[in-house]
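K.L.:
To start, I am sharing the structure in question, which I have written as C-alpha cells.
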Amino acid sequence: MAITKSLSFLTLILLFGHIVKAQGVFVGQDEERRVITTAVPFLNITPDSRSGGMGDVGVAISPDANSTHWNPSKLAFVDSKMGFSLSYSPWLAKIVNDMSLSYLSGYYKITKEQAVAVSLRYFDLGEIYFKDDYNNPQGDYHPKEVAVDATYSRMLTKNFSLGITIRYVNSDLTGHYQSTSSAIQAKPANTVGADISAYYNMETKLGLLAFGGNISNIGAKVTYSNQDNKDFIPTNLRLGSALTSDIDPYNSITFSIDFNKLLVPTPPIYATDDDGEIIYDSNNNPIIEKGKDPNRNLLSGMFGSFSDAPDGFSEEMQEIMIALGTEYWYNQIFAARLGYFYENANKGNRQYFTLGVGFRYNVFGFDFAYLIPPQQEHPLAETLRFTLHFNFEDENAFDPSVTD
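Residue numbers for the sequence shown follow the working numbering, so the first one is 5 and each next one is one higher.
Written out as C-alpha cells, the structure is:
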C-alpha cells in the first residue's frame, strides 16, 4: 500500500502544480536547470518495442502499424494491405507496481498510395488514496489517461508522402476530488490535438535512405480545475533519418537518428530579492528577469519556443533530445536492436541505452525491448516493452498506383 500512497503524492503534485502558480506562489527556482514540463506527458512515451529497442527512434525507420505514433505519413508505404499491433509496458516498475502503458494501433490501405489508421493509447496510473489535512481517509481512485487517434496518409509521388492525425485526449487524474483545504475542485482534462508529418525515401548506393518529420500534439492547452490557468500539452517536433543497407540476400542493417524538441515555452528566470524570494509587480505577477512570459497561446508558444530560453541559443540547443538506433535483420525473420537516448542534464537528464529483439513469421510478429540507464536506481531502469504484430495480405493485391 505504501507504493500506491507515494504514487498518490506524485500525482497530486502534477495535478495541482499549476494551481500553486495561479495563486502566485513559487517554490524557488533553479537558474541552471530549467526542465520543460507539460500536461499529459504520456503522449510522448514510446509505446512500442521496436522503437523502444532502438533508443526511441522512429520517424524515418521502415513503416509498420506503430507509425501512427512516430510518423503517420509512413503508412502510405507500408507493405501489407492491413495490420494491427498491440503493445504493453509496465511503467516505472522500479518505483510502483501498478502503472502501465498499453497501445493498440491498426491500419488499412485504401489504395496502393493511401492508408487510414486508428489507435488507442491507455495509461494506467495505478491506485491513489485521498486523505484530508488530518490524515483521515477520503476514499481512493484509479487515475487514467486515454488518447484516441484517427490517421490519414497519402503518397504524393513514389518517394514522398504526407500524413495527418487527429487526436482526442482525456486525462482523469483524480476524478472530481475536492480538497477540504481548498475551494478549487479538480476535474478531468480534455483536449483535441493533431499531428502533421512527411516522409521521403530514395535508393542510394549504400541502400534505402529515408527522411521523416512530424509535429505532434498540436492542440489546445488543458486545465484540471476551474481556474483560468492552463497548461500546454507536449507539442513536439521530431526530425530524423534512416539508412537501410542489404549486406547480402539474407542480412540487412538499419542505422537511424532522431532529433526532438518540445515546442512549448521554456521556463523563465524570475527576479528575486536578497532572501531569494520571487519579486512581484503591482498586479501580483512575478517579474521576469530573463526569458519570456510562459503564459502564451498555442501558436505563440510553438513558434516562440525557438527563441525564448533565458540563456539564448546555447540553451535552445540543450533542449534538443537525440535518439540513435540500429536494427539488424536476418532473412526478415529475426531482428536484433540497439539504441541510445540523450537528453541534456539541465533539461531532464534522461539518458539510457536500449536493447531489443524481434521475430516475424507469416502474418505474425513479436518484439521485445529492455531499457538500461547508466545511473543506478534510475526510475526507468529495467523498463520492459512487449509488442505483437499482425499483418494481412501483400500489397501486390492492389491495382497499380497512380504514382507508378
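Glycine is no exception: its CB is placed at the ideal position from the N, C-alpha and C atoms.
From a predicted model like this one, the values you see are computed outputs, not experimental measurements.
1. Taking C-alpha atoms, which residue in 97, 315, 310 and 76 lies nearest to residue 383?
2. Would you mind stating whether residue 215 and residue 305 have Cβ atoms separated by less than 9 Å?
3. CB residue 197 to CB residue 168, shorter than 9 Å?
4. How would you label residue 280, buried or exposed, when you count the other beta carbons within 10 angstroms and need 16 or more for buried?
5. Which class does residue 46 belong to by DSSP, given the choice of helix, strand or coil?
6. Starting from residue 304, follow the alpha helix (DSSP H) in both directions and report where the run begins and ends.
7. Select from 74, 275 and 166 the residue whose C-alpha is nearest the C-alpha of residue 117.
8. What are the partner residues of residue 149, as DSSP defines its beta bridges?
9. Could you pull out every residue in the same chain whose Cβ sits closer than 6 Å to the Cβ of residue 395, ignoring the five residues on either side in sequence?
10. Examine the Cβ distances between the stretch 107-117 and the stretch 130-144 and report whether three or more of them are shorter than 8 Å.
11. In chain order, which beta strand (DSSP E) runs of at least 3 residues are fully inside the stretch 286-360?
12. Which stretch, first to last residue, makes up the alpha helix (DSSP H) that contains residue 208?
13. Just to check my reading of the structure: residue 295 and residue 270 have Cβ atoms closer than 8 Å, yes? What is that Cβ distance to the nearest angstrom?
14. Measuring only the C-alpha atoms, how far is residue 111 from residue 69?
15. Rounded to whole angstroms, what's the CA-CA distance from residue 309 to residue 125? Just pull it up for me.
16. Using the Cβ count rule (16 or more neighbours within 10 Å means buried), how would you classify residue 254?
17. Suppose you measure from the CA of residue 317 to the CA of residue 176; what does that come to, to the nearest Å?
18. For residue 397, which residues of its own chain have a beta-carbon under 8 Å away from its beta-carbon, when the five flanking residues on both sides are left out?
19. Can you list, in chain order, the residues of its chain whose CB lies under 6 Å from that of residue 31, leaving out five sequence neighbours each side?
20. Would you kindly check if the distance between the Cβ of residue 80 and the Cβ of residue 238 is under 9 Å?
21. Based on Cα-Cα distance, which residue from 134, 208 and 74 lies nearest to residue 199?
22. Which residue from 291, 286, 333 and 57 puts its Cα closest to that of residue 345?
23. Reducing DSSP to helix, strand and coil, say where residue 73 ends up.
24. For residue 15 and residue 202, what's the separation of their Cα atoms in angstroms?
25. Would you list the one or two residues that DSSP bridges to residue 113?
26. From the DSSP output, read off the bridge partner residues of residue 262.
27. At 4 residues or longer, what runs of the alpha helix (DSSP H) sit wholly inside the stretch 363-400?
28. Can you name the residues that DSSP bridges to residue 249?
29. Would you tell me roughly how many angstroms separate the C-alpha atoms of residue 285 and residue 259, rounded to the nearest one?
30. Compare the C-alpha of residue 45 against each of 213, 149, 161 and 207 and name the closest.
31. Could you tell me whether any Cβ in chain C is nearer than 9 Å to the Cβ of residue 343?
32. Which runs of the beta strand (DSSP E), 3 residues or longer, sit entirely within the stretch 82-111?
33. Within a Cβ cutoff of 8 Å, which residues of the same chain sit near residue 361, ignoring the five residues on either side of it in sequence?
34. Could you give the DSSP three-state label for residue 54: helix, strand or coil?
35. Select from 145, 321 and 228 the residue whose C-alpha is nearest the C-alpha of residue 173.
P.N.:
Taking the coordinates as given:
1. The shortest Cα separation from residue 383 among 97, 315, 310 and 76 belongs to 97.
2. Not in contact: residue 215 and residue 305 (Cβ atoms no closer than 9 Å).
3. no
4. exposed
5. helix
6. 302-308
7. 166
8. 127 and 175
9. When the five nearest sequence neighbours on each side are left out, the beta carbons in the same chain lying within less than 6 Å of the beta carbon of residue 395 are those of 84, 87 and 367, in order along the chain.
10. no
11. Runs of the beta strand (DSSP E) inside the stretch 286-360: 292-294, 325-334 and 338-346.
12. It is not in any alpha helix (DSSP H) - residue 208 instead sits in the beta strand (DSSP E) that spans 193-208.
13. 6 Å
14. 6 Å
15. 27 Å
16. Residue 254 comes out exposed.
17. Their backbone Cα atoms lie some 37 Å apart in a straight line.
18. 84, 85 and 86
19. Bear in mind that the predicted position of residue 31 carries a pLDDT of just 46, short of 50, making it unreliable; the figure below should be weighed with that in mind. There are no such residues.
20. no
21. 74
22. 57
23. helix
24. Summary for residue 15: the model assigns pLDDT 43, below 50, so the residue's position carries little reliability; its value from the coordinates is reported in the next sentence. Rounded to whole angstroms, residue 15 to residue 202 spans 36 Å at the Cα level.
25. 119
26. For residue 262, which the question treats as bridged, DSSP gives the partners 244 and 327.
27. none
28. Answer by DSSP bridge pairing, in chain order: 257.
29. 53 Å
30. 149
31. Protein chain content of the structure displayed is limited to a single chain, and chain C is not contained in it.
32. 84-94
33. 57, 338, 339, 340, 341, 371 and 372
34. helix
35. 228
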